[in-house]
Each structure stands twice: as structure tokens, then as C-alpha cells.
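Visitor:
Residue numbers (full-length UniProt numbering): 1 to 334.
#1: May I ask you to list the residues that DSSP assigns as paired with residue 301?
#2: Give the secondary structure of residue 50 by DSSP, where H, G and I count as helix, E and B as strand, and everything else as coil.
#3: Using the DSSP secondary-structure output, state which residues sit across from residue 228 in a beta bridge.
#4: With 16 other CB atoms within 10 Å as the buried threshold, where does residue 267 fall?
#5: Just to confirm the assignment: which complete alpha helix (DSSP H) runs, minimum length 4, are found wholly within the region 64 to 126?
#6: What is the residue span of the alpha helix (DSSP H) that residue 254 lies within?
#7: Go to residue 268, then tell me how far its alpha helix (DSSP H) extends in each direction, as first and last residue.
#8: Taking buried to mean at least 16 other C-beta atoms within 10 Å of its own C-beta, is residue 16 buried or exposed?
#9: Among residues of its own chain, excluding the 5 on either side of residue 277, which ones have a beta-carbon nearer than 6 Å to its beta-carbon?
#10: Per DSSP, what kind of secondary structure is residue 195 in: helix, strand or coil?
#11: Inspect the CB distances between the region 187 to 198 and the region 136 to 143 and report whether three or more fall short of 8 Å.
#12: Residue 309 lies in the alpha helix (DSSP H); which residues open and close that run?
#13: Check each candidate in 238, 316, 218 and 185 and name the one with the smallest Cα separation from residue 260.
#14: Does the structure place the region 66 to 73 close enough to the region 87 to 103 that three or more beta carbon pairs sit under 8 Å?
#15: Classify residue 176 as buried or exposed, calling it buried when 16 or more other Cβ atoms lie within 10 Å of its own Cβ.
#16: Can you grab the Cα-Cα spacing for the pair residue 111 / residue 213, in whole Å?
#17: So, with DSSP's three-state summary, where would you put residue 296?
#18: Is the beta carbon of residue 79 closer than 9 Å to that of residue 147?
#19: Report the three-state DSSP secondary structure of residue 233 (helix, strand or coil).
#20: Closer than 6 Å by C-beta to residue 292: which residues in its own chain qualify, once you throw out the five before and the five after it? Chain order, please.
#21: Would you say the region 207 to 226 touches the region 179 to 195, given that touching needs at least three Cβ pairs under 8 Å?
Written out as C-alpha cells, the structure reads:
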């Protein structure tokens, strides 16, 4: 490979001079000069900022960092389950010290990310006295206070996974190995952040888990205790879904929206309840798709590959073959 020395072009973006004076390794002489690439990218960015009316006074990164939040989630997992998801050399006599130190570090880093989100919204909504610092601090303090409750919920989820899978040999195996459990840990964290007023940070946490596990749970979804996703790959749970206690889902289940409302200009309307409500003690088998603001009654079973867009009564058994309802109840279309 040949070394190509690139000369600075007049009028290039600030900071590009350092690039122009450095040695760059390329595969041939056909590539454009680096300064041309930098200038063209600057032009595209400027067009985007003009089109979206981005403020020009921002001088540093203004959005939360996916990398930082991945570290925060890893620390919180360790603090919530120190002897299982904490460091390998941790001893029980040092457990409280480790939990305290880890939570302190995680919450301080989380505070910085929440501050970025709140500041970002304040700038773009032109709020000059938004009290961002006080709001960020109150939010993170509230989140820290919620950690014991999150741990209690997760205990119920881990037990549900252990009792719901005949292949599980111990609760420790479930906690360490199962992607569904890891996704639910992240969701419990993300949902609390979403509820407290940090939806962007929460969404990043949820998407980190999505990338790690193949399970897509919107942080706005409300999920009761004893929740188990078996296998997990391809599960999608929408923003306004409501799931009761002791619900079990299998892989490739979708709890989605049936249709999207539009405004007078034809744009998708944001918000609004549009995802299913799943009552307690429901089992939904692999590949089932449930769409719209329907209700699946308590104790029902939804078979594999079912396409369901109507509510079903408690105790229903819905199968893929002609959607036979063995409970004898009439369908209620919505």
C-alpha cells in the first residue's frame, strides 16, 4: 500500500488541517483527497442542521452516549446481583462495599447522561430556565431509590423463568445464561428511567439490550411481576403494551400496533394507546402476532403462529388452525 500525503485545501473545515498534514494509508491513487471528503461531509451536516433547525451555538456533543450507558447498565446489573453478575473475585463479606461503590459510580455517570438529555430538550424547546440540573439530580436520586424495588421484581422474573422452563437446572443458570432474563433486567431499569422522565436514556438502554439479546422491549411498556421470555429471539413488545403478572412469552412473539393514526397533514400521530393488554397468567407461544389495543383475558393461551386482532375472554385457548376458540366464547372484534 502506498503512502499518500494530502495537502490542505483552502477553506476546509476547522480541525481538518491536522488531518491534511498527516500521513494516510490508502489502497490507491483513485481515492479523493481527505480534505475533500471532510468538506463534503461538513456540507451534508450543515444541510441537515438547516433542514431540522438545529441550534448553531452548541459547541460539544449534546446527546447521551450509548457507550457510557452500556457501562452504567453493566454496573447496575452487578450491583443488583453482586454474587452472580458482579466481579469474579468478589467475596460475600465485601458485598455491601462493592454494591455501594458500584451504585455510586453508576449513578454519577447516569447523572451526566440524564443531564445531557434534559439539556438537549431544553435547548430544542427554547426553555431558558428549565432547571435542568435540579431535575436531573432529582431524577437520578429517584432512580437510585427505586433499585430495591427493581431487584424484587427481577427476583420474581428469575423464579418465573426457572419454574417455567424444564431445562433450567437452577436459578443461577437462568440469571447468568438466559437472554430473556438479561433483556428483562434491562427493561426494568429502562422502564424506571422512562417513567421518571428520561425517555431518551431509557430508549438507549432498551436498544442496547435489543442488540445483545434480539429482544425488543420499548421502555414504555408496563410489565407485571413474574415475567418470562423463553428463548426470546425476535420478541417485540410495543410502547403502550400492558402485561400483567406471571405472563410467559416464547420466541418471535409480537405485541404490536394494528394501525397508526395520522394528523391533518398526513404525518403519524405520536403517542396514544395502540398495543395489546395482556392480563395475568397468559401464555403466548412462538410466532404469535397480537396487534392493536386488544385484551387477552386472564389465564388464556395463545397458540403458535396465531394472528390475533380481536380481544379474547379469560380462559380462552386460541389456536392457529382457523382461530378456534375452545372456551366457547364469542369473538369480540375491536
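Glycine included, C-beta positions come from ideal geometry on N, C-alpha and C.
Guide: According to the structure shown:
#1: Within the chain shown, numbered from 1, the residue matching residue 301 stands at position 301. Answer by DSSP bridge pairing, in chain order: 283 and 317.
#2: The residue you call residue 50 lines up with position 50 of the chain shown. Reduced to three states, the DSSP call for residue 50 is helix.
#3: Numbered from 1 along the chain shown, position 228 holds the residue referred to as residue 228. Answer is 248.
#4: On the chain shown, position 267 is the one that residue 267 refers to. The residue in question, residue 267, is exposed, as its Cβ has fewer than 16 Cβ neighbours within 10 Å.
#5: 66 to 80, 82 to 85 and 95 to 124
#6: Numbered from its first residue, the chain shown carries residue 254 at position 254. Run containing residue 254: none in the alpha helix (DSSP H); it sits in the beta strand (DSSP E), 254 to 256.
#7: For the purposes of this step, residue 268 is taken as residue 268 along the chain shown, with counting starting at 1. It is not in any alpha helix (DSSP H) - residue 268 carries neither H nor E in the DSSP assignment.
#8: Residue 16 sits at position 16 when you count from the first residue of the chain shown. Caution applies to residue 16, whose pLDDT of 46 falls short of 50 and renders its modelled position unreliable; the value that the coordinates give is listed next. The residue is buried, with at least 16 neighbouring Cβ atoms inside 10 Å.
#9: As a working mapping, residue 277 is identified with position 277 in the chain shown. Answer for residue 277: 242 and 295, listed in chain order.
#10: Taking the first residue of the chain shown as position 1, residue 195 is located at position 195. Three-state result, residue 195: helix.
#11: yes
#12: Locating residue 309 in the chain shown gives position 309, counting from the first residue. Note, residue 309: premise wrong, no alpha helix (DSSP H); not H, not E.
#13: Residue numbering aside, residue 260 sits at position 260 when the chain shown is read from its first letter. Of the candidates 238, 316, 218 and 185, the one whose C-alpha sits nearest the C-alpha of residue 260 is 238.
#14: no
#15: For this step, residue 176 is matched to residue 176 along the chain shown. So residue 176 ends up on the exposed side.
#16: Mapped onto the chain shown, residue 111 falls at position 111. Mapped onto the chain shown, residue 213 falls at position 213. C-alpha separation (whole angstroms): 26 Å.
#17: As a first step, residue 296 must be located in the chain shown, where it is residue number 296. Three-state result, residue 296: strand.
#18: The residue given as residue 147 occupies position 147 in the chain shown. The residue given as residue 79 occupies position 79 in the chain shown. Against a cut-off of 9 Å, the Cβ pair of residue 79 and residue 147 comes out as a contact.
#19: The sequence position of residue 233 within the chain shown is 233, counting from 1. It is coil, neither helix nor strand.
#20: Residue numbering aside, residue 292 sits at position 292 when the chain shown is read from its first letter. Same-chain partners within the cutoff: 258 and 309.
#21: yes
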